[in-house]
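J.: Here you go, one structure.
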Amino acid sequence: MVAEAQALDLPPDAPRGRDGEALPIFGRDGHAEVAEQLPCRAASHHVTDHCREWLTESLRGGMAMSVDSGQLHEDRSFDPYGAHRDDPYSFLAGIGDKEPVFYAPLLDAWCLTRREDMIAVLRDDRNFTARDHNPRSAIELPEDVSRMLRTWRGTDALAVGSLDPPEHTRIREVLNVGFTPARVRAFEPTIRAIATDLAERVAAAEEFDFITEFAVPYSLEVIGRRLGIPDEYLDRCRTWSEQRIELMMARGNPDLDRLRAFAHGLMDFGAFARSLVQERLTSPQDDLISELLHEGKAGRTLTADEASVMIPTLIFAGHMTCAEALGTVLFQQLRTPGGWAEVVDGTIAVQDLVEEGLRFDSPLAGMYRTAVHDVVVGDVHLAAGSRLLLLYGAAGRAGQTSGCPAAFSPGSGSASHLAFGHGVHFCLGAGFARAELEIAIQALATRMPGLTLAPGPLPHHRPVFPLRALTELRVRQR
Numbered sequence: 061m062v063a064e065a066q067a068l069d070l071p072p073d074a075p076r077g078r079d080g081e082a083l084p085i086f087g088r089d090g091h092a093e094v095a096e097q098l099p100c101r102a103a104s105h106h107v108t109d110h111c112r113e114w115l116t117e118s119l120r121g122g123m124a125m126s127v128d129s130g131q132l133h134e135d136r137s138f139d140p141y142g143a144h145r146d147d148p149y150s151f152l153a154g155i156g157d158k159e160p161v162f163y164a165p166l167l168d169a170w171c172l173t174r175r176e177d178m179i180a181v182l183r184d185d186r187n188f189t190a191r192d193h194n195p196r197s198a199i200e201l202p203e204d205v206s207r208m209l210r211t212w213r214g215t216d217a218l219a220v221g222s223l224d225p226p227e228h229t230r231i232r233e234v235l236n237v238g239f240t241p242a243r244v245r246a247f248e249p250t251i252r253a254i255a256t257d258l259a260e261r262v263a264a265a266e267e268f269d270f271i272t273e274f275a276v277p278y279s280l281e282v283i284g285r286r287l288g289i290p291d292e293y294l295d296r297c298r299t300w301s302e303q304r305i306e307l308m309m310a311r312g313n314p315d316l317d318r319l320r321a322f323a324h325g326l327m328d329f330g331a332f333a334r335s336l337v338q339e340r341l342t343s344p345q346d347d348l349i350s351e352l353l354h355e356g357k358a359g360r361t362l363t364a365d366e367a368s369v370m371i372p373t374l375i376f377a378g379h380m381t382c383a384e385a386l387g388t389v390l391f392q393q394l395r396t397p398g399g400w401a402e403v404v405d406g407t408i409a410v411q412d413l414v415e416e417g418l419r420f421d422s423p424l425a426g427m428y429r430t431a432v433h434d435v436v437v438g439d440v441h442l443a444a445g446s447r448l449l450l451l452y453g454a455a456g457r458a459g460q461t462s463g464c465p466a467a468f469s470p471g472s473g474s475a476s477h478l479a480f481g482h483g484v485h486f487c488l489g490a491g492f493a494r495a496e497l498e499i500a501i502q503a504l505a506t507r508m509p510g511l512t513l514a515p516g517p518l519p520h521h522r523p524v525f526p527l528r529a530l531t532e533l534r535v536r537q538r
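FYI, in our numbering the residues of the sequence shown are 61 to 538.
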């Protein structure tokens, strides 16, 4: 938790907020410091009041960010949708040590690459909020589309990932019950049956796209079965999830009628979740939705409205990040010396392979936070309302975390990563996801021991940052 900088004895030129109070400064150890304790930082970046200038007004509601002109660099054009889409980490490694907090105009956000800075922010719910943690559309959406995007879950409804304590704490306590180690172990036979059946089906083809034929349907069926989603709705849940991505990532000159159709799709998604909750209220089944409504810890359960808000999030996060991670793990291992054979013969442990995939290229490369008060993160003064992008994927790369190799190296002894976040918003399904990934790889290694990359160009990533999703992954069996 950040110390109260204003309670310390500060020099007159210490960095101060617009209200005249001293600003907390996040040092490398994650604790608050003040300008007097960081003379070289304060001097080199001129963070005092008389040197500041307003940089930009946020696209949403005039939230300002403040920085001295000496902190801006014209060559810091981080573009994860274009030039850096396939490999953002080479760019980030090039500036991370010298400039661990930098402004990315394309994202309208301050990017954090240093692990300790991210952890400090994630631990501090007094100075930072998760309320606006998703990517934003880069265009002004039509009013009716914007309204549907705000209300498809319900009026003023927010999923648990957008809540701060104490609201977050109450909802999270109920959700945690569905993902305890005991619940995960009890569900593993179902996961294994799904993985084995799907691996058997795709093995009939000599060559196939691993993403569309295995990773996505497998991940969707697993989370669907855990939640209790009828099989006939799984494809629609996938479509609704993709429509949500398209709306959040809208850029350039999109077809507005197409965006409008996507927004109506989200309205259908919300209506579907509410109808499913009503069914489980009157007729509980052996699934997570029923557990959330009827079997909460110490008698605490979710209301119908709260459960309805959570279902789309669990579907979206539960299948998209798993599918992305599977694609990354398989792609990286198939292109390394030794390849898939080292997984098949046990030279590389499946658990090590999964952890290395999560470290090397996290399926969620980052998450947004917003400064509630004026603060200084690293060397940079950020005004209240500043938007930060915590680049989880950069935290596990060489130069940012001691002992983490630059190359993909399963079993190297380093499993340090932030793929599941940190603090109160640490992924509630982390144990479930690890089991899901490991079981899938075991099933693939058993049924397809000769798996290799198909001839042709290397796959590319979709322009959906901070999600790290391959467009396709062509594989074949020898």
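Backbone N, C-alpha and C define an ideal beta-carbon position, used for all residues, glycine too.
At which residues does the alpha helix (DSSP H) containing W300 begin and terminate?
T.: 294-308 is the extent of the alpha helix (DSSP H) around W300.
J.: Check whether the Cβ atoms of D216 and T189 lie closer than 8 angstroms to each other.
T.: No.
J.: Pick out whichever of A164, L418, L182, F151 has its Cα sitting closest to the Cα of D483.
T.: Looking at the sequence itself, residue 483 is Gly, so the reference to Asp does not match. Out of A164, L418, L182, F151, L182 has the C-alpha closest to the C-alpha of G483.
J.: Which parts of the stretch 431-488 are runs of the alpha helix (DSSP H), unbroken and 4 residues or longer, counting only runs that do not cross its ends?
T.: List check, alpha helix (DSSP H) in window: 452-455.
J.: With a threshold of 16 other CB atoms inside 10 Å of the CB of A443, please say whether the residue is buried or exposed.
T.: With 16 or more other Cβ atoms within 10 Å, it is buried.
J.: Residue range of the beta strand (DSSP E) that L511 falls in?
T.: Run containing L511: 511-513, per the beta strand (DSSP E) assignment.
J.: Starting from the C-beta of R334, find all residues in its chain whose C-beta is less than 6 angstroms away, skip the five residues before and the five after it, and write them out in chain order.
T.: Within the same chain, R334 has close Cβ partners S368.
J.: Would you list the residues sitting across from A164 in a DSSP beta bridge?
T.: Answer by DSSP bridge pairing, in chain order: A169.
J.: Under the three-state reduction of DSSP, which class applies to L530: helix, strand or coil?
T.: Residue state, collapsed to three classes: strand.
J.: Going straight from the alpha carbon of P148 to that of F162, what length do you get?
T.: Rounded to whole angstroms, P148 to F162 spans 14 angstroms at the Cα level.
J.: Is DSSP giving Y428 helix, strand or coil here?
T.: Y428: strand per DSSP, three-state reduction.
J.: Examine the Cβ distances between the stretch 495-503 and the stretch 435-450 and report whether three or more of them are shorter than 8 angstroms.
T.: With a cut-off of 8 angstroms, the stretch 435-450 and the stretch 495-503 do not count as touching, because too few Cβ pairs lie within range.
J.: Between T373 and the rest of its own chain, which residues show a CB-CB distance below 6 angstroms, the 5 nearest in sequence each way excluded?
T.: A219, listed in sequence order.
J.: Near A529, what residues of its chain come up, given a Cβ to Cβ distance below 6 angstroms and the 5 sequence neighbours on each side ignored?
T.: Excluding residues within five positions, the ones whose Cβ falls inside 6 angstroms are E384, R522.
J.: Which residues in the same chain have their Cβ closer than 7 angstroms to the Cβ of L258, if we skip the five residues on either side of it in sequence?
T.: F274, P277, Y278.
J.: Using the three-state DSSP reduction, which class does E267 fall into: helix, strand or coil?
T.: Of the three classes helix, strand and coil, the one that applies to E267 here is strand, per DSSP.
J.: Could you give the uninterrupted runs of the alpha helix (DSSP H) lying entirely in the stretch 175-259, keeping only those of 4 residues or more?
T.: Counting only runs of 4 or more, we get 175-183, 203-211, 227-236.
J.: Touching or not, the stretch 309-322 and the stretch 330-349, by the rule of three or more beta carbon pairs under 8 angstroms?
T.: Because the criterion of three Cβ pairs below 8 angstroms is not met, the stretch 309-322 and the stretch 330-349 do not touch.
J.: Apart from the five residues just before and just after F391, which ones in its own chain have a Cβ nearer than 7 angstroms to its Cβ?
T.: Here the set comprises P519, L530, L533.
J.: The alpha helix (DSSP H) with H379 in it runs from where to where?
T.: That run of the alpha helix (DSSP H) goes 364-394.
J.: Short of 6 angstroms in beta carbon distance, which residues of its chain neighbour S137, apart from the five on each side in sequence? Order them along the chain.
T.: Excluding positions up to five away in sequence, the list is empty.
J.: Assuming F404 is part of the alpha helix (DSSP H), what are its boundary residues?
T.: What sits at residue 404 in the sequence shown is Val, not Phe. Its alpha helix (DSSP H) spans residues 401-404.
J.: Please classify R311: does DSSP put it in a helix, a strand, or coil?
T.: If DSSP states are grouped into helix, strand and coil, R311 belongs with coil.
J.: Would you mind giving the Cβ-Cβ distance between L287 and R298, rounded to the nearest angstrom? I have them listed as a contact below 8 angstroms.
T.: In fact, because the Cβ distance is near 14 angstroms, the residues do not count as touching under 8 angstroms.
J.: Among L152, G142, G154, N187, which one has its Cα closest to the Cα of H433?
T.: The option with the nearest alpha carbon to H433 is N187.
J.: So which of P249, F322, A253, T173 has the shortest CA-CA distance to D204?
T.: Per the Cα distances, F322.
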